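J.:
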Amino acid sequence: MRIFWVAVLVATSLSFVPPVLAQQARVALVIGNGAYEKVPELPNPTRDASDIARALERLDFKVTQVKNATAQEMRKAVVEFGRTTEGADLAAVFYAGHGMEVGGENWLIPIGAELRSDTDIESEAISLRSVSLQVSKARKLGLVILDACRNNPFAAKMKRSIATRAVARGLAPTEPSDNVLIAYAARDGTTASDGDGRNSPFTASLLRHIETPGLEISFLFRRVRDDVMAATKREQQPFVYGSLSKEEIYLKAPAASAQAPAASPLAAAAPAPAPADDEKFWLAIQTSTVTGLYEEFLARYPRSGHAAEARQRIKDLKASEVAAVPSSTASPTSDASGRQTKAVARNVFAPEDNQKVAAIAAAQQLKLPSFTIASDQDVPPKSNSKFVGVWSNKRGWTNGKGRYAMLIVTEVSDTGLAKGYYLWGPPTKASWAKDEAGYRSFAEYITDSKFSITGTPVTVRMEKNVLALSSFRKEKPSDTASIELRPVWQLVPVPEEVEPSTKREKASQPVVKRESTAEPRAPGGVGGTSMEERYRACKKLVKGFARRESCARTGVI
Numbered sequence: 011m012r013i014f015w016v017a018v019l020v021a022t023s024l025s026f027v028p029p030v031l032a033q034q035a036r037v038a039l040v041i042g043n044g045a046y047e048k049v050p051e052l053p054n055p056t057r058d059a060s061d062i063a064r065a066l067e068r069l070d071f072k073v074t075q076v077k078n079a080t081a082q083e084m085r086k087a088v089v090e091f092g093r094t095t096e097g098a099d100l101a102a103v104f105y106a107g108h109g110m111e112v113g114g115e116n117w118l119i120p121i122g123a124e125l126r127s128d129t130d131i132e133s134e135a136i137s138l139r140s141v142s143l144q145v146s147k148a149r150k151l152g153l154v155i156l157d158a159c160r161n162n163p164f165a166a167k168m169k170r171s172i173a174t175r176a177v178a179r180g181l182a183p184t185e186p187s188d189n190v191l192i193a194y195a196a197r198d199g200t201t202a203s204d205g206d207g208r209n210s211p212f213t214a215s216l217l218r219h220i221e222t223p224g225l226e227i228s229f230l231f232r233r234v235r236d237d238v239m240a241a242t243k244r245e246q247q248p249f250v251y252g253s254l255s256k257e258e259i260y261l262k263a264p265a266a267s268a269q270a271p272a273a274s275p276l277a278a279a280a281p282a283p284a285p286a287d288d289e290k291f292w293l294a295i296q297t298s299t300v301t302g303l304y305e306e307f308l309a310r311y312p313r314s315g316h317a318a319e320a321r322q323r324i325k326d327l328k329a330s331e332v333a334a335v336p337s338s339t340a341s342p343t344s345d346a347s348g349r350q351t352k353a354v355a356r357n358v359f360a361p362e363d364n365q366k367v368a369a370i371a372a373a374q375q376l377k378l379p380s381f382t383i384a385s386d387q388d389v390p391p392k393s394n395s396k397f398v399g400v401w402s403n404k405r406g407w408t409n410g411k412g413r414y415a416m417l418i419v420t421e422v423s424d425t426g427l428a429k430g431y432y433l434w435g436p437p438t439k440a441s442w443a444k445d446e447a448g449y450r451s452f453a454e455y456i457t458d459s460k461f462s463i464t465g466t467p468v469t470v471r472m473e474k475n476v477l478a479l480s481s482f483r484k485e486k487p488s489d490t491a492s493i494e495l496r497p498v499w500q501l502v503p504v505p506e507e508v509e510p511s512t513k514r515e516k517a518s519q520p521v522v523k524r525e526s527t528a529e530p531r532a533p534g535g536v537g538g539t540s541m542e543e544r545y546r547a548c549k550k551l552v553k554g555f556a557r558r559e560s561c562a563r564t565g566v567i
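My numbering puts the first residue of the sequence shown at 11, with every later residue one more than the last.
#1: Is the beta carbon of residue 98 less than 9 Å from the beta carbon of residue 75?
#2: Per the contact definition of three or more C-beta pairs closer than 8 Å, is the region 445 to 454 in contact with the region 90 to 108?
#3: Kindly list the residues whose CB is nearer than 6 Å to the CB of residue 138, restricted to its own chain and excluding five residues on each side of it in sequence; keep chain order.
#4: Does the beta-carbon distance from residue 4 to residue 73 come in below 9 Å?
#5: Would you list the residues sitting across from residue 116 in a DSSP beta bridge?
#6: From this set, 395, 303, 310 and 105, which residue's C-alpha is nearest residue 325's C-alpha?
#7: What span of residues does the alpha helix (DSSP H) with residue 308 cover, start to end?
#8: Counting C-beta neighbours from all protein chains within 10 Å, is the total for residue 213 16 or more, i.e. buried, or is it exposed?
#9: Between which two residues does the beta strand (DSSP E) harbouring residue 500 extend?
#10: Taking all protein chains shown into account, do 16 or more other C-beta atoms lie within 10 angstroms of the C-beta of residue 211, making it buried, or fewer, making it exposed?
#11: So residue 398 is in the alpha helix (DSSP H); what residue range does that whole segment cover?
#12: Using three-state DSSP, classify residue 260 as helix, strand or coil.
#13: Here's the rule: buried if 16 or more other CB atoms are within 10 angstroms of the residue's CB, otherwise exposed. What is residue 525?
#14: Using C-beta distances below 6 Å, list every residue in its chain close to residue 31, excluding the 5 sequence neighbours before and after it, in chain order.
#15: Locate the alpha helix (DSSP H) running through residue 140, then write down its first and last residues.
#16: Closer than 6 Å by C-beta to residue 288: which residues in its own chain qualify, once you throw out the five before and the five after it? Chain order, please.
#17: Based on Cα-Cα distance, which residue from 557, 402, 93 and 461 lies nearest to residue 422?
#18: Thinking C-alpha only, which one of 438, 223, 113 and 80 is nearest residue 169?
#19: Which residue's Cα is closest to the Cα of residue 52: 493, 226 and 77?
#20: To the nearest angstrom, how far is it from the Cα of residue 132 to the Cα of residue 432?
#21: May I ask which residues mark the beginning and end of the alpha helix (DSSP H) holding residue 92?
#22: Identify which residue in 548, 248, 189 and 197 has its Cα closest to the Cα of residue 258.
#23: Using the beta-carbon count (16 or more within 10 Å), is residue 255 buried or exposed?
#24: Pull up the DSSP beta-bridge partners for residue 452, would you.
#25: Taking the CB atoms as reference points, tell me whether residue 408 and residue 463 lie closer together than 9 Å.
#26: Tell me where the alpha helix (DSSP H) around residue 68 begins and ends.
#27: Less than 8 Å between C-beta atoms, sequence neighbours within five positions excluded: which residues of the same chain meet that for residue 371?
#28: For residue 562, which residues of its own chain have a beta-carbon under 7 Å away from its beta-carbon, when the five flanking residues on both sides are left out?
#29: Per DSSP, residue 417 forms a beta bridge with which residues?
#30: What does residue 482 pair with, by DSSP beta-bridge criteria?
#31: Please name the residue or residues paired with residue 51 in a DSSP beta bridge.
#32: State the beta-bridge partners of residue 100 as determined by DSSP.
#33: Of the residues 202, 503, 205 and 154, which one's Cα is nearest the Cα of residue 358?
#34: Note down the Cα distance separating residue 265 from residue 369, rounded to an integer number of angstroms.
#35: Mind reading off the beta-carbon distance from residue 263 to residue 223? Whole number of angstroms is fine, and I expect it under 8 Å.
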């Protein structure tokens, strides 16, 4: 037992990580379908989905976004999302696009659906029931928001297998399970407006209120209902199905409870209960990369709320042990232009990386925050995944005249939201500000490989796998400073270009410069094993730079 707890303490001492549960308490899937192939396109759904995804990210949801999805892509997204809902406090799905009722059941329509007959619906569309089942796994609330009651062109041309079978343009009423709310943009049996602006009336109102502090979930949708009815002259009435317990649920906590250190954003203020034995054990091992610790946890607490997460962690660790390949040994692959690039292997933030970062922070007198970087091996890297890493420089701002700096980017979402920490060291004589060393957390959107850190005059730009930071003096904006940060550790290293073997072989062959036929070649030769030695000899024998260079290359005068 002593050896076991020593292993636990060693594993936790190598990490700077807050409870993972706090970061994974909220998950969301956002789908926007507008580019339909068999019917006219819808202009707003992809914009609605993008704006809602960003709002949910600001509310600390871990968001997966899917745009213009086929049936296969939607099914895969829903199934994978269902795995993340286990153990989450809140799970939300937002869908914008075409939806319809067939035989009393509601369906979400992928972009490739043709739906010639009502019998095609099960193979070409996604049932609302399947989505509702996935969010129902959440502990506190499963939320499904459908901006999908538009005037549907599929219903008019669809053949019915039974004459009495209903094929409606709106959605049918639904009865979700106890902890699930389902919000329609328009009441069952009616249609919703797509709107003339950037967003539909329903989504526009939702965006207006969803980030209001202290607005309980029931009152949120009441406000949305009133807004939409006013905007559409009472032609469209949003409706919510499902009922919840007396416990108040907030997407954004009230200001008072947000300041209380022990308050929960999902519950009314109450004394925090003492953590159970399984919770204490989980807090001790949750950042470890030792598979045996998670196996021991499952053996002790098989019914713990963290059991599913522990099993997934074991699966990920074993997969990374077998499949992880260092990026330096990855085999080359060719791109569209014929150039070869090294296949990129995703890195794992290992204990030795932790130690290296800690050593740099100590040497530069930086205050290191608690942070975690997940490798997400099952998630394909995005274009902005190259930002994820720990970035540093051996010298400070302005070529070493200013203070040290470090940037830690812990994650970048599908929508380009980068989260992490900006660190600065003690001031120097040349520093503009004389504040002590510290750090600031940030959550900023990357646009054109660049973002600015709110609350500071610091702008970050990616240039050839270097983060170029620039700043200006607030009292005198004409005074500027800069620093270049390079990766101490990077999740997805930028691949190095490798010349094709044929080019390398050509380059290794001696280059012989052919003499022009118009100028006769003088007899004689020049000795020397290197071009430099031949050039010195040619300089004594030949006049003119061009002829000397030719002599040095060919060894002939």
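Beta carbons are placed, not taken as given, at the ideal position from N, Cα and C, and that holds for glycine. Fair warning: this is a prediction, and the values are worked out from it, not measured in the lab.
T.: Reading from the atomic positions:
#1: no
#2: no
#3: 116
#4: No information on residue 4 is available, as it lies outside the stretch 11 to 567 that the chain covers here.
#5: 111
#6: 303
#7: 301 to 310
#8: buried
#9: 490 to 500
#10: buried
#11: Segment: none, residue 398 is in no alpha helix (DSSP H) and carries neither H nor E.
#12: strand
#13: Confidence in residue 525 is poor, its pLDDT being 42 and thus under 50, which makes the residue's placement unreliable; the coordinate value appears in the next sentence. Answer is exposed; the Cβ neighbour count stays below 16.
#14: For residue 31, the pLDDT reaches just 37, beneath the cut-off of 50, and the residue's location in the model is therefore unreliable, although a value from the coordinates is still provided. Closer than 6 Å at Cβ, skipping near neighbours: no residue.
#15: 138 to 145
#16: 311 and 314
#17: 461
#18: 113
#19: 77
#20: 50 Å
#21: 81 to 95
#22: 189
#23: exposed
#24: 430
#25: no
#26: 55 to 68
#27: 377, 378, 416 and 433
#28: 541, 544, 545 and 548
#29: 401 and 432
#30: 490
#31: BP columns for residue 51 are empty, so no partner.
#32: 36 and 151
#33: 503
#34: 38 Å
#35: 7 Å
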